[in-house]
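Numbered as in the working numbering, the sequence shown ends at 146 without a single skipped number.
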Amino acid sequence: QELNEYPDDWKEAYLHLSHWVRRMQAYYGPRLRLRLLDPQSLVGLWRSLRYRIRRYPTFILEGQRRFVGWEAEPELHAALGDLYRQRGWALPEQPFRLMPVLGDHG
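Put into structure tokens, the structure is as follows:
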């Protein structure tokens with residue numbers, strides 16, 4: 041209900057991220073741990089400085105590799121696939137279907 045009080049573009053971004061998180065967890069399973077940080081919180085500010093994050097969303101893999109923006113999602117999935125294979129973890133048979141980039145309704 042509080043979501044309706046925000047501007048439409050914020051609501052769209054929130055819903056996109058929420059849907060993306062659920063899809064990632066469903067696809068990669070319990071081995072994938074996602075942490076969402078508010079960049080305006082103290083922890084979020086610290087992480088933004090530590091990882092030199094200037095654009096959102098930014099995804100950090102294993103505390104080392106950065107993937108910036110929704111357009112980096114294919115590279116993120118490739119890196120996750122490589123990591124799962126290196127560790128001998130099972131991946132689903134079918135490839136992950138990428139979501140449209142936020143704002144791309146075509």
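Cβ atoms here follow ideal geometry from the backbone N, Cα and C, with glycine treated the same way.
Can you give the Cα-Cα distance for residue i and residue j, rounded to whole angstroms?
i	j	result
residue 115	residue 44	33 Å
residue 108	residue 120	15 Å
residue 53	residue 82	22 Å
residue 125	residue 93	28 Å
residue 59	residue 73	16 Å
residue 62	residue 136	13 Å
residue 39	residue 64	There is simply no residue 39 to check, as the chain begins at 41 and stops at 146 in what is shown.
residue 98	residue 42	25 Å
residue 49	residue 104	30 Å
residue 86	residue 56	25 Å
residue 47	residue 75	24 Å
Decide if residue i is buried, meaning its Cβ has at least 16 other Cβ atoms within 10 Å, or exposed.
i	result
residue 68	buried
Using DSSP bridges, identify the partner residues of residue i.
i	result
residue 101	105
Excluding sequence positions up to five away, which residues of its chain have a Cβ less than 6 Å from the Cβ of residue i?
i	result
residue 113	138
So, at 8 Å on beta carbons, what are the nonlocal neighbours of residue i in its own chain, with the 5 sequence-adjacent residues on each side left out?
i	result
residue 84	77, 78
residue 101	107, 116, 119, 120, 123
With a CB to CB cut of under 7 Å and the five nearest residues on each side skipped, what residues in its chain are close to residue i?
i	result
residue 145	At residue 145 the pLDDT is 46, less than 50, meaning the model places this residue with poor confidence and gives no usable figure here.
Between the region 53-72 and the region 124-138, are three or more C-beta pairs nearer than 8 Å?
The region 53-72 vs the region 124-138: in contact.
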